[in-house]
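S.K.: Residue numbers (my numbering), protein chains in the order written: chain G, 2 to 126; chain S, 9 to 90; chain H, 638 to 1227; chain X, 1036 to 1277; chain U, 7 to 490.
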Amino acid sequence: MLEFFNSTQTIHTIIIIGSMCLFFIGFYGIATQKNLVKVLVSFDIMESALFLFFIGLHYQVGLVAPIVDSNLKTFTNMVDPVPQAMILTTIVIGLAVLALGLSFGIEYYKLTGRNDISKMNELRD
Amino acid sequence: MIGLLILFTFLAIITVALGAILSKDITQSVMLFMGVGLGSVVLFFIFQAPDVALTEAVIGTGLSTAVFLLGIMHTSQEEMES
Amino acid sequence: MNSIFLLLNLLPILFLYQFEGALHVSLPLTNEFTLSLIQTPLGSFFAYLSLISFLLVTIAQKSKKLSFSYYALQFLLSLAMLAIVLAGDFITFFIGWEIMTWSSYFIISKSNNMNIKSLQKYILFSLASAFSLIAGIVIAYSFANSFDFVAISNSFESMPFNIKVALIVLFSLSFFTKAGVIGLHYWVVDTYSKAPDLFSSILSAVMSKMGIYGLFLIYGNIIGYHELKIMFGTMLNGTDFGYVLAWIGVATSIIATFKAITQDEVKKLLAYSSIAQLGYIVAVIGFGTSYGVAGAMYHTLIHTIIKLLLFINVAAIVAQTGKNKFSELGGLIYRTPVSFVMLLIGIIGLAGMPPLGGFASKFMMYNAAIDTKFALILIGMLFSGAASFLYCYKLVYGIYLGHPTSKSLESTKEVSIHYLIPQIILALLLVLTGAFPGAFIKVINPILKEFSLSTIGYDGLGVMQSAVGNFNGFFIISAFVVIFLLILLLIWRIKSKAKNNLNRFDISYCGEVPTADTSLHYGYGFGTELYRIKFVNAILKRSSSHFYESLATQTKKTSELFSRMYYGNIHNTMIIILLFFSALFFLGVN
Amino acid sequence: MNLKKVLPLKHILLSILSSALLLSVLGLLMQVKTNLYKNVGDIFLNLNMQTATANAVTSVVTFFRGIDTVGEVTVLFLATSGIALMLSDTQRTCEKVVKQESFILNVGSRLLLSVIVLFGVYIIIHGHLSPGGGFQGGVVIATAFLLLFLANPNMSLSHSILTLGESLSGVAYVLVALIGLFKMNILLGNFLPHPIGEIGELVSGGIIPVIYILVGIKVGSEMSVIVEYFSKEDYYKEVCDA
Amino acid sequence: MSLGYYFLLPVIFSFLTPYFKKLGSFTLRGSTILLMLILFLQTLAYTGVTLPQISEFSLKPPLGIAFILDGYSLLFLLIFTFSALIVSFYMVWFFKANKGRDEARFYVFFNMLIAGSIGMILSCDIFNLYIFFEITGICSYALSAYNKDKLGLESGIKYLIIGLIASIFIVFAIMLIYLQIGTVNLGLIAQRFGQIDPKISVLIVLMLFIGFGTKAELFPMNFWAPDIYQGSMASVNGLFSSVVAKAYLFVFFHLFYLFGLNSKYMLFVMVIGAITFLVSEFTALNQTNIKRLFAYSTLGQLGILFMALSTNSSATVSGALFHLTSHSISKLLIFLALGILIHKFKSAKIDILGNFKSGFLTIVLAIGFLSILGIPPFSGFVGKILILKGFALTQNYAAIAFILLVSIVEAVYFFRLTAMMLDKKRTKISVPIGFANYVVLSVLAVLIVLFGVYPSLLTHYTDLATNALLHPTNYLNYALGVGL
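#1: Counting along the chain, where does the alpha helix (DSSP H) carrying Q48 of chain U start and finish?
#2: Using DSSP with H/G/I as helix, E/B as strand and the rest coil, what is N1082 of chain H?
#3: Which chain H residues sit within Cβ distance under 9 Å of K35 of chain G?
#4: Quick one: does A1167 of chain X have its CB under 7 Å from some CB of chain G?
#5: Would a C-beta distance cut-off of 7 Å place I1007 of chain H and A1104 of chain H closer than the cut-off?
#6: Along the alpha helix (DSSP H) that carries T35 of chain S, what are the first and last residues, could you check?
#7: For Q307 of chain U, count the other beta carbons within 10 Å of its own beta carbon; 16 or more makes it buried, fewer makes it exposed. Which is it?
#8: Taking only the alpha-carbon atoms, compute the straight-line gap between N950 of chain H and T941 of chain H and give it to the nearest angstrom.
#9: Using 8 Å as the threshold, is the region 1140-1159 of chain X in touch with the region 1178-1197 of chain X, meaning 3 or more CB pairs across them?
#10: Could you tell me which of X:S1266, X:I1176, X:L1203 and X:M1258 sits nearest to M1190 of chain X, measuring between CA atoms?
#11: What is the C-beta distance between G1094 of chain H and G1110 of chain H, in whole angstroms, given that I count them as a contact (C-beta under 8 Å)?
#12: Taking buried to mean at least 16 other C-beta atoms within 10 Å of its own C-beta, is A1116 of chain H buried or exposed?
#13: How is the alpha helix (DSSP H) around Q59 of chain U delimited, first residue to last?
#14: Could you check the C-alpha separation between T368 of chain U and D357 of chain U for me, to the nearest Å?
#15: Just to confirm, are L482 of chain U and G193 of chain U a CB contact at a threshold of 7 Å?
#16: For T282 of chain U, I'd like the list of residues in its chain whose CB is within less than 8 Å of its CB, leaving aside the five on either flank, ordered along the chain.
#17: Taking Cβ positions only, does L62 of chain S come closer than 7 Å to chain X?
#18: Give a yes or no on whether 7 Å exceeds the smallest Cβ distance from I26 of chain G to chain U.
#19: Determine the extent of the beta strand (DSSP E) in which F712 of chain H is found, giving its start and end residues.
#20: Determine whether the beta carbon atoms of S492 of chain U and F73 of chain U lie at a separation below 7 Å.
#21: Please confirm whether S792 of chain H has its beta-carbon closer than 7 Å to some beta-carbon of chain X.
#22: Does any residue of chain S have a CB that is nearer than 7 Å to the CB of A66 of chain G?
#23: Output, in chain order, the set of chain S residues within a Cβ distance shorter than 7 Å of F1265 of chain X.
#24: Decide if the region 895-902 of chain H is in contact with the region 1024-1040 of chain H; the criterion is three or more beta carbon pairs, one per stretch, under 8 Å apart.
#25: Please check if any C-beta of chain X sits within less than 7 Å of the C-beta of L71 of chain S.
#26: By DSSP's criteria, E902 of chain H is part of a beta bridge. Which residues make up the other side?
#27: Indicate whether P67 of chain U and A474 of chain U have their beta-carbon atoms separated by less than 7 Å.
#28: Looking at L58 of chain G: is its Cβ nearer than 7 Å to the Cβ of N78 of chain G?
#29: Report buried or exposed for Q1126 of chain X, applying the criterion of at least 16 other Cβ atoms within 10 angstroms of its Cβ.
#30: Within its chain, find whatever has a CB closer than 8 Å to the CB of G870 of chain H; leave out the 5 residues flanking it on each side and keep chain order.
#31: Would you give the residue range spanned by the beta strand (DSSP E) that F793 of chain H belongs to?
#32: In the DSSP assignment, what residue or residues form a beta bridge with K363 of chain U?
#33: For I970 of chain H, I'd like the list of residues in its chain whose CB is within less than 7 Å of its CB, leaving aside the five on either flank, ordered along the chain.
#34: Given this structure, state the Cα-to-Cα distance separating S1193 of chain X from V1260 of chain X, to the nearest angstrom.
#35: Going by beta carbon distance, what residues of the same chain come within less than 7 Å of W734 of chain H, once the five residues before and after it are set aside?
#36: Verify whether the separation of the beta carbon atoms of V44 of chain S and I67 of chain S is less than 7 Å.
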């Protein structure tokens, strides 16, 4: 039973199911939520789901982190470092966009007292 | 064993994420979102990605939650229902 | 300013000193396109028409203070028209066509009584015409792999039948719009009447002729009358195609003639008359016989001369009196006698009465109809020709005869000499074209050769041959002049005895005393009685404006429908994007 | 309770849609084999021996995919500028009111500050040896300042120093890239001698630790600015409301 | 010069902007103009060398990231750097006329917007491309919210949310690509894209389509675009229309042809483009806000470009690229001229076009309008006739009829605006223009006429670009490191 859970195949299945569930929770969130902060939260959940999906699928049982130390002297049997680097970049970018969005939201709230994106309708003909 | 750990962490994250989406209180939603970040940190560690885990812990969970909380302090706390 | 542009207008003659072959330029635009200018007899006929018209109108424009931009645009317009008629390929033709469209648009917009709606009407019809033209051009290109007239003409035979028909329809639609064939004439009247007065003469005399040139180019040069005969078969002595075209033209001329009679605005009458006269040309252009082509050509020339003359005359009167309606004018014969004589000559030509050129051209066209044995067409043409007497009469009566309808008219002076010089030249031309039809046949014969039709015989300058016998223009005009002089002498003898000191209110009015408001002028309401005739009433009541206005309304409604989608709420936009993704996902992946 | 209000029809339909999409995406992803080709990461792992950085992720981030990181730093910089544009309101009318400070919080946070900053610096400097690096360390330093702001609302940072740090480190980063161009004819070339010592030593890996230190300074100052703007915003609002 | 300067120089300038600001606004404006001039001159220098050119970062491709300049990107590079130079001159007037704006930060976003767009067209690595996508995105969000008024912030928020959706899809696609192919190098992806599971490849294509299509303003995903144009400044609109939208379009078709999707998805993209064209032109008829109106017009023109660029026939594509260039110049001209009017009247209703008195502005605006409508002798005509010719060669008469019919609808509103400008009955107020603007607008107008009467100047580059786009063998060799 436990061996079954420890196989790479099972872990990948769990990861795909779990992260896609998380992704579509976020998907549902951006489709239904109207508060700006909650929309941003939904986007972040979607992003997190993608990160888990991506990093998780590059993990295989028995591989170790791509860092050598006193015990480990060669770069063998390690997980792929490129996805990790890419995710690292994406996390930082995500934070930047999120903070910018929040600052827009704050200014907009100060001017109008609203943070409901479906009620932002002054731009129309 | 590690599979089970992953499974349960995922379950926890999904529950928390659902809570974050469905919660009417925005502060609560942000705090629950922090839970998603924490769960991700655990998973990243399991997936042998300590760099990402550290980044997610510091940025995804720490700073972005702080920014969110500071941000919603001066917008309304409740989701507006019309 | 005026003199400079007068000289500039003369410039192109340097390059067109011959009737054929003086000009052959080609100029690469990109790797694929080459602009080329070639002088053919057909092209130079129209080139001279436009050059002379512009020259005369520029002389008349000396009487007005016009801005530099006006003259510059007008010069550009004349160059564009030269480009059209001298083009050797469709790209040059189209470039000229479009520059003609927008430069005339900007000139028309300078008029004081222009409004946005009329401008829109003009430009949209012009662009529709241009787009239908370019559609035809690129379709032809897809078979010929070249924009050159010769190449397209050579490959035309090998195209599939439906493509040939599509090409003919597209090109014809484009040129019909410019010429103002009925149904596509919605823009003509509004534009001619609201454009600057002198510029209306260019619009009517030259620009509409570009449509006629296009028709000649397509039917005669590119497709060839011979090919048309093969495509659609023959009927009697003409082509099937020509018969259909003839009905379109006759219908145009009849309807427009009736509409012209009922107009109260002078320039609107002239505009409808212009449509009617172009209807004749369209009617005979498709016959595919020498007489048909010659008649169309002759009438093109005569119509240009007459319309220039009449529009300049009317422009002078409008400038002098400030009035442009028949009901406001009248009795100017003693105040502006020279103008009166010029207008008289003009309407004699317009009505197609002997002895002037108008008769010669109509004679040629009737001949063509007799030649092809299209009897019904001939009857239609004769009918509308007879009806056109009415509006010619209205024109001369409404402006010059009868009583002046207001005090201010009584003090009107003769118009400026700048208006009169071109009118006198044009009147002389009208006389000459009537007197020397043989000379004109000499000009037309190379064009007939270009269309590979048989040439028409002529005997000296004064006589031309026709299906029903020789036509001696010189003899007719001499006889008429003698008779006319005799009558004039007689009238002068009688009139010198009568005294002319009538007042505008010296009139018996059924026992009532007319007041200043009472309209005493005959021109007022002239033509309204036509509504009582059932057949004419049915024609007059119908108008294409309903169709175009409902089209505009439908477009507007569609636009409103679409813009409702964009009343953007970002939440809905997001949902739409996600739904679109889902739809494509389910369609594409599964 | 009105069911329609709690769960509108639109939400139900959207949740059904999301679930349907989830199931079909899952169905799709489950049957697909991954790793058809050898990943580029494995080649990088081999190359990493030459570069002599203990942390392969760091060498990928700063060197193999170095231009990504320049872009990333730029994104952060732009976000900071955007936030500053939005939240630095020069025309604020209400005056600055000195709020009461809590002595214990103040002293405690200052004590903690040094520890956290030290930790951040450690993370930055050991970026090429252990998990962590410029981004993580920089953010750690920023959170230290966040703590300071939370404890003491009157606190303010010296913008000129932050700007100096930000600009200089940024320009230095780009210059490092350009020096690579001049010395090795390739942008971001690793022009410093490497490997100097053993893998795992502090001075190893050529330009990699240099870049991470520069990134650390830049991210630290930028994040501090962001944190300051967000927390000061709160402060101003309270003052204006009062 | 290395291609890396296109990104690194603006980055240095942006980092140093706080110090330029301290030296005074003259230095700030001057440095931006200098930067854009350098970039433009460098691009001009590249027109004389053999293409493609490559400059690598850190490692040689396919392992490392490289900037590759081929004929296709050269054309866009010319457009972008030229537009940037023009706008940088224009902004001198703008900031003189509008005192007290946060000038330094505008220039930061402006520089990086250009750098990001250029990065998107040069990068040969899809993840790197995503980073530039985000840089461009963040700059555009900040620029559209730059006014900090209700409308500006609203457009900023809307743009940001749309950008988040687009980037989520693109990140997902990139992840799937890496999972399948094991690399993010465009050359390797192009080589191996046909061999992966067809279902996954459809999913990847779909996600990239949604991501870039949303940003490139394709029909069912462009409901946000007019709002953004309405909320932001006219000069920024000019940049959005002539640089940013074109950069996304570049990437869309670069990937489209590189991944060999042309045979399978040609009809789909064409239909989507046609619908975009139709809907936007009809919607534009009904607008009363001038910026919104031209936003719809931009969408419509993008629709034509999508129709024509997806055809896979070199004649049409070359025509479309010509049309694209001409559209960029014309729209830039129109938006900059409108900026002057909007500044004067403090309103963006279309009535302002009827109320100004300036022969110069009337002429340049009329030139812009006629060029977009495709009327000779302006550059738009050559583009349009080349597109129509291309469609004719493939016997696609339906497309010809469609383009011409919808163009009449387009003419309705363009000539309504022209008629308003020429209407003498309205009260006219004279508008101060400023010397810099005379120069800027004249240069643009002269270019429009020049490309119209002497198109060979441009067709050389569009032919190069077409060849590079449709037959990317050289590009692939460079991206794979084979040709080095």
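For glycine and all other residues, C-beta sits at the position ideal for the given N, C-alpha and C.
M.R.: For this structure:
#1: In the fifth sequence, residue 48 of chain U corresponds to position 42, counting from 1. Counted as a single uninterrupted DSSP element, the alpha helix (DSSP H) harbouring Q48 of chain U occupies residues S31 to Y52.
#2: Counted from its first residue, the third sequence places residue 1082 of chain H at position 445. N1082 of chain H falls in the helix class under three-state DSSP.
#3: As a working note, residue 35 of chain G is residue 34 in the first sequence. Under a criterion of Cβ atoms nearer than 9 Å, the residues of chain H adjacent to K35 of chain G are, in order, H1208.
#4: Numbered from its first residue, the fourth sequence carries residue 1167 of chain X at position 132. A small fix is needed here, since residue 1167 of chain X is Gly in this sequence, not Ala. Using beta-carbon distances, G1167 of chain X does not count as an interface residue toward chain G, since no partner is under 7 Å.
#5: In the third sequence, residue 1007 of chain H corresponds to position 370, counting from 1. In the third sequence, residue 1104 of chain H corresponds to position 467, counting from 1. In this structure, the beta-carbon distance from I1007 of chain H to A1104 of chain H falls below 7 Å.
#6: Working through the second sequence from its first residue, we reach residue 35 of chain S at position 27. It spans I34 to I54 - the alpha helix (DSSP H) in which T35 of chain S sits, taken as one unbroken run.
#7: Here residue 307 of chain U corresponds to residue number 301 of the fifth sequence, with the count starting at 1. Classification of Q307 of chain U: buried, given that the 10 Å Cβ count is 16 or more.
#8: Residue 950 of chain H sits at position 313 when you count from the first residue of the third sequence. Residue 941 of chain H sits at position 304 when you count from the first residue of the third sequence. So the two alpha carbons sit approximately 14 Å from each other.
#9: Proximity of the region 1140-1159 of chain X to the region 1178-1197 of chain X meets the contact definition, three or more beta-carbon pairs being nearer than 8 Å.
#10: On the fourth sequence, residue 1190 of chain X is found 155 positions in, with the first residue counted as 1. If we check each option's Cα against that of M1190 of chain X, X:S1266 comes out closest.
#11: Sequence index remark: in the third sequence, residue 1094 of chain H carries index 457 (1-based). Sequence index remark: in the third sequence, residue 1110 of chain H carries index 473 (1-based). Contact check for G1094 of chain H and G1110 of chain H: beta-carbon distance about 15 Å, past the 8 Å limit, so the pair fails to qualify.
#12: Residue 1116 of chain H sits at position 479 when you count from the first residue of the third sequence. A1116 of chain H comes out exposed.
#13: Indexing the fifth sequence from 1 puts residue 59 of chain U at position 53. According to the DSSP assignment, Q59 of chain U belongs to no alpha helix (DSSP H) but to the beta strand (DSSP E) extending over Q59 to F63.
#14: By 1-based counting over the fifth sequence, the position of residue 368 of chain U is 362. By 1-based counting over the fifth sequence, the position of residue 357 of chain U is 351. So the alpha carbons of these two residues sit roughly 14 Å apart.
#15: Along the fifth sequence, read from residue 1 onward, the residue named residue 482 of chain U stands at position 476. Along the fifth sequence, read from residue 1 onward, the residue named residue 193 of chain U stands at position 187. Here L482 of chain U is near G193 of chain U, since their CB atoms are less than 7 Å apart.
#16: Reading the fifth sequence from its first residue, position 276 is the one you call residue 282 of chain U. Within the same chain, and ignoring the five residues on either side of T282 of chain U in sequence, the residues whose Cβ sits closer than 8 Å to its Cβ are E223, L224, F225, N228, L305, G306, L308, G309 and F312.
#17: In the second sequence, residue 62 of chain S corresponds to position 54, counting from 1. Under the Cβ distance rule, L62 of chain S counts among the residues neighbouring chain X, one pair being separated by less than 7 Å.
#18: Residue 26 of chain G sits at position 25 when you count from the first residue of the first sequence. Residue-level contact check: I26 of chain G does not touch chain U, since none of the beta carbons of chain U fall below 7 Å from its beta carbon.
#19: Along the third sequence, one-based indexing puts residue 712 of chain H at 75. Note, F712 of chain H: premise wrong, no beta strand (DSSP E); alpha helix (DSSP H) at F705 to L723.
#20: Shown here, chain U extends from 7 to 490; a query on residue 492 of chain U therefore has no answer.
#21: In the third sequence, the residue the question calls residue 792 of chain H occupies position 155. For S792 of chain H, the answer is no, since every Cβ of chain X falls outside 7 Å of its Cβ.
#22: For the purposes of this step, residue 66 of chain G is identified with residue 65 of the first sequence, where counting begins at 1. Against chain S, the CB of A66 of chain G has a partner CB under 7 Å away; the residue lies at that interface.
#23: Taking the first residue of the fourth sequence as position 1, residue 1265 of chain X is located at position 230. Within 7 Å Cβ-Cβ: V75, L78 and G79.
#24: The region 895-902 of chain H, when compared against the region 1024-1040 of chain H, does touch it at the 8 Å Cβ threshold.
#25: Numbered from its first residue, the second sequence carries residue 71 of chain S at position 63. Interface residue, yes.
#26: Along the third sequence, read from residue 1 onward, the residue named residue 902 of chain H stands at position 265. H:K962, per the DSSP bridge assignment.
#27: Position 61 of the fifth sequence, counted from the first residue, corresponds to residue 67 of chain U. Position 468 of the fifth sequence, counted from the first residue, corresponds to residue 474 of chain U. No, they are not a contact pair.
#28: As a first step, residue 58 of chain G is located in the first sequence; it is residue number 57 there, counting from the start. As a first step, residue 78 of chain G is located in the first sequence; it is residue number 77 there, counting from the start. For L58 of chain G and N78 of chain G, no; Cβs fall outside 7 Å.
#29: In the fourth sequence, counting from the first residue as 1, residue 1126 of chain X sits at position 91. Legend: pLDDT at Q1126 of chain X = 48, less than 50; position of this residue unreliable, value from coordinates given subsequently. Q1126 of chain X should be labelled exposed.
#30: Translated into positions along the third sequence, residue 870 of chain H becomes position 233. Close CB contacts of G870 of chain H within its chain, under the 8 Å cut and outside five residues either way in sequence, are with T876 and D877 (chain order).
#31: Here the question's residue 793 of chain H lines up with position 156 in the third sequence. No beta strand (DSSP E) holds F793 of chain H; the alpha helix (DSSP H) holding it covers F786 to F793.
#32: Position 357 of the fifth sequence holds residue 363 of chain U. Secondary-structure assignment with DSSP links K363 of chain U through a beta bridge to U:S436.
#33: The residue you call residue 970 of chain H lines up with position 333 of the third sequence. Excluding its 5 nearest sequence neighbours in each direction, I970 of chain H has C-beta neighbours in its own chain below 7 Å: F977, Y1037 and L1038, listed in chain order.
#34: Mapped onto the fourth sequence, residue 1193 of chain X falls at position 158. Mapped onto the fourth sequence, residue 1260 of chain X falls at position 225. Straight-line Cα distance between these residues: approximately 10 Å.
#35: As a first step, residue 734 of chain H must be located in the third sequence, where it is residue number 97. Excluding residues within five positions, the ones whose Cβ falls inside 7 Å are I721, A767 and L770.
#36: As a position in the second sequence, residue 44 of chain S is number 36, starting the count at 1. As a position in the second sequence, residue 67 of chain S is number 59, starting the count at 1. Taking C-beta atoms as the reference points, V44 of chain S and I67 of chain S fail to come closer than 7 Å.
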